[in-house]
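*Asks:* Mind having a look at this structure? Questions to follow.
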Amino acid sequence: MTVETAWELLAEVPDPELPTVSVVDLGIARDVTVDGDAVVVTITPTYSGCPAMREIEQDVRAKLASRFASVDVRTVLSPAWTTDWITPGGREKLAGSGIAPPGARMLPLLVEGRPDRCPHCGSTETEELAGFGSTACKALWRCTSCREPFDYVKAH
Amino acid sequence: MGDHSVEALLRVGDSCLVLAQRLTGWCGHAPALEEDIALANIALDVLGHARGLLTRAGELEGAGRDEDALAYLRGAEEFRNLLLVEQPNGDFAHTVVRQFLFDAWTAELWKGLAESSDEVVAGIAEKAAKESAYHVRHSSGWVVRLGDGTEESHRRMLAALEDLWPYAGEAFLDDEVDVAAVEARLVPLPSSLEKPWRARVSYVLEEATLPVPPDPWWQRGGRQGRHSEHLSYLLAEMQVVHRAHPGVQW
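For the record, the sequence lines run as chains A and B. Every position in the first sequence, counted from 1, becomes a number in the working numbering once 37 is added. Every position in the second sequence, counted from 1, becomes a number in the working numbering once 39 is added.
Quick look at the structure:
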């Protein structure tokens, strides 16, 4: 068993709340070490109160147990998760399912980030409807060109 | 790590836990769907902060109490939260003012805790700081919109500010527990957070055309376990299922 095997399996574990992307796409899976048929995976929550964390841990465990005899899943908080860890592939998958990926973080004005474009029509003319959305990591925005509302993964 | 470390972490963790419980009371009742979702989201974040801090407090205590034992099996006199967060939701103006005064405090608090000598606490704070930045943006926005809104919204904000301001100063009153925890470099000194807190509060209230109230005798005692009657009712509701079915699993 190799580290690559473990990463390939993790890439098949979807995020429970954003099932179009995996825990690898989102940067939730941070580290993998393999020793023979034993694997240790380190995961980190996107938000402190993310209610999906336990499910993610169980899903990761179940997926890796299909190939590894021993699976240890550890949760770390530091360094804190950032949307910078969402992979380019993950960003494409989000946009493809109508969810705007995070815009660039503008430190220290962290909360002033905005989507690059509407995930429906591609327009850059967008406005915020609500700072909090259907999950902890999203806000609700609207395109002023095509008038469609959309979810936006907040820069974090 | 001595008892002061556990106490110091409970003061923050319990404040987060009690506020989360208050905020969830709005779920399904907020003035607009977007606000319902926002308050539930904020409650979830703050509950996450409470869980981390209570878990760590239990570990430092070393008596085998986990986050659930601390949240569900302590009585009101054992809670160390600020009196501010146990105040009832009131009308939406009261909820907004309470949230803003709290968010302006945690915005400074997490910066200090991120420098904690305890790596777990520092990790919790580093993460919480990013989430609280969204909270204070949200509550500040409401303070301005309602304060500088209609005659009715302005009147309600004035009333909420008058009711809640006496509870705002407790967060900055140092006692011997704080001093000991500061010596261990676990937490920042409460009084050291007052100046930046005041600067933010004054700025936002001015934008909202609301006066900064004069300092009263600050209501105090929550951080030492002396609470208003509101906390017992809140805990009764929060703890009833766990106490009725201790250790139940499904």
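Glycine residues also receive a C-beta, built at the ideal position from the N, C-alpha and C atoms. Quantities reported herein were computed from a predicted structural model and do not represent experimental measurements.
Within the continuous alpha helix (DSSP H) that includes A:Arg179, where are the two ends?
*Replies:* Position 142 of the first sequence, counted from the first residue, corresponds to residue 179 of chain A. Careful: A:Arg179 lies outside any alpha helix (DSSP H), inside the beta strand (DSSP E) at 175 to 180.
*Asks:* On the criterion of 16 or more Cβ atoms from any shown chain inside 10 Å, does B:Gly290 qualify as buried, or is it exposed?
*Replies:* Shown here, chain B extends from 40 to 289; a query on residue 290 of chain B therefore has no answer.
*Asks:* Helix, strand or coil: which one does DSSP assign to A:Phe105?
*Replies:* Position 68 of the first sequence, counting from 1, holds the residue named residue 105 of chain A. In this structure, A:Phe105 counts as coil in the three-state DSSP scheme.
*Asks:* Does A:Ala141 come within less than 8 Å of chain B when only Cβ atoms are used?
*Replies:* As a first step, residue 141 of chain A must be located in the first sequence, where it is residue number 104. No, because no Cβ of chain B sits closer than 8 Å to the Cβ of A:Ala141.
*Asks:* For B:Lys234, collect the residues of the same chain with a Cβ closer than 6 Å to its Cβ; drop the 5 residues on either side in sequence, then sort them by chain order.
*Replies:* For the purposes of this step, residue 234 of chain B is identified with residue 195 of the second sequence, where counting begins at 1. Contacts found: none.
*Asks:* Taking a cut of 7 Å between CB atoms, which residues from the segment 169 to 190 of chain B lie near chain A?
*Replies:* Listed in sequence order: Lys169, Glu170, Ala172, Tyr173, Arg176, His177.
*Asks:* Skipping 5 residues on each side, what residues in its chain have a beta carbon closer than 6 Å to that of A:Asp96?
*Replies:* Residue numbering aside, residue 96 of chain A sits at position 59 when the first sequence is read from its first letter. Val50, listed in sequence order.
*Asks:* In chain B, which residues lie less than 7 Å from A:Ala117 when you measure between Cβ atoms?
*Replies:* Translated into the one-based positions of the first sequence, residue 117 of chain A becomes position 80. Near A:Ala117 (Cβ distances below 7 Å), the residues of chain B are Glu165, Lys166, Lys169.
*Asks:* Pull up the distance between the alpha-carbon of B:Gly64 and that of B:Leu273, whole angstroms please.
*Replies:* Your numbering for residue 64 of chain B matches position 25 in the second sequence. Your numbering for residue 273 of chain B matches position 234 in the second sequence. One C-alpha to the other measures close to 10 Å.
*Asks:* So does the segment 152 to 169 of chain B actually touch the segment 81 to 100 of chain B, counting three or more Cβ pairs closer than 8 Å?
*Replies:* The segment 152 to 169 of chain B is in contact with the segment 81 to 100 of chain B.
*Asks:* To the nearest whole angstrom, what separates the beta carbons of B:Leu83 and A:Ala173, a pair I think is in contact under 8 Å?
*Replies:* For this step, residue 83 of chain B is matched to residue 44 along the second sequence. For this step, residue 173 of chain A is matched to residue 136 along the first sequence. So it is a contact: roughly 6 Å between Cβ atoms.
*Asks:* Is the Cβ-Cβ distance between A:Arg179 and A:Glu164 less than 8 Å?
*Replies:* Along the first sequence, one-based indexing puts residue 179 of chain A at 142. Along the first sequence, one-based indexing puts residue 164 of chain A at 127. Yes.
*Asks:* When the Cα atoms are used, what is the spatial distance from A:Leu146 to A:Thr39?
*Replies:* Indexing the first sequence from 1 puts residue 146 of chain A at position 109. Indexing the first sequence from 1 puts residue 39 of chain A at position 2. Confidence in A:Leu146 is poor, its pLDDT being 47 and thus under 50, which makes the residue's placement too unreliable to answer from.
*Asks:* Please classify A:Arg128 as buried or exposed, where buried requires at least 16 neighbouring CB atoms within 10 angstroms.
*Replies:* Against the first sequence, residue 128 of chain A aligns to sequence position 91. Flag for A:Arg128 reads buried.
*Asks:* With DSSP as the reference, identify every bridge partner of A:Ala137, one or two as the case may be.
*Replies:* Position 100 of the first sequence, counting from 1, holds the residue named residue 137 of chain A. A:Tyr189, per the DSSP bridge assignment.
*Asks:* Using DSSP with H/G/I as helix, E/B as strand and the rest coil, what is A:Asp121?
*Replies:* The sequence position of residue 121 of chain A within the first sequence is 84, counting from 1. Of the three classes helix, strand and coil, the one that applies to A:Asp121 here is helix, per DSSP.
*Asks:* Please list, in chain order, all residues of the same chain as B:Asp254 whose beta carbon is under 8 Å from its beta carbon, the five residues on each side excluded.
*Replies:* Residue 254 of chain B sits at position 215 when you count from the first residue of the second sequence. So the list reads Gly208, once near-sequence residues are dropped.
*Asks:* Quick one: which chain A residues come within Cβ less than 7 Å of B:Gly64?
*Replies:* If you number the second sequence from 1, residue 64 of chain B lands on position 25. None at all; the shortest Cβ gap to chain A is about 17 Å.
*Asks:* Does the segment 116 to 131 of chain B come close enough to the segment 256 to 275 of chain B to have 3 or more Cβ pairs within less than 8 Å?
*Replies:* Judged by Cβ distances under 8 Å, the segment 116 to 131 of chain B makes contact with the segment 256 to 275 of chain B, as three or more pairs qualify.
*Asks:* Answer with yes or no whether the minimum CB distance from A:Ser160 to chain B is below 8 Å.
*Replies:* Numbered from 1 along the first sequence, position 123 holds the residue referred to as residue 160 of chain A. It does not: the Cβ of A:Ser160 has no partner Cβ on chain B nearer than 8 Å.
*Asks:* Indicate whether at least one CB of chain A lies closer than 8 Å to the CB of B:Leu228.
*Replies:* Along the second sequence, one-based indexing puts residue 228 of chain B at 189. Cβ-Cβ to chain A under 8 Å: no for B:Leu228.
*Asks:* Residues in the segment 84 to 113 of chain A with C-beta within 8 Å of chain B's C-beta atoms, listed in sequence order?
*Replies:* Answer set for the segment 84 to 113 of chain A: Tyr84, Ser85, Gly86, Cys87, Pro88, Val113.
*Asks:* Which residues mark the beginning and the end of the beta strand (DSSP E) in which B:Ala122 is found?
*Replies:* As a working mapping, residue 122 of chain B is identified with position 83 in the second sequence. At residue 122 of chain B the sequence reads Leu, which differs from the Ala that was named. Element bounds for B:Leu122: not the beta strand (DSSP E) but the alpha helix (DSSP H), 122 to 125.
*Asks:* Assign A:Thr42 to one of three DSSP states: helix, strand, or coil.
*Replies:* In the first sequence, residue 42 of chain A corresponds to position 5, counting from 1. Here A:Thr42 sits in helix by DSSP.
*Asks:* Start and end of the alpha helix (DSSP H) containing B:Val243?
*Replies:* Along the second sequence, one-based indexing puts residue 243 of chain B at 204. First-last of the alpha helix (DSSP H) with B:Val243: 233 to 246.
*Asks:* Return the CA-CA distance between B:Ala172 and B:Glu46, expressed in angstroms with no decimal places.
*Replies:* One-based indexing of the second sequence puts residue 172 of chain B at position 133. One-based indexing of the second sequence puts residue 46 of chain B at position 7. Each residue's Cα considered, the two are about 26 Å apart.
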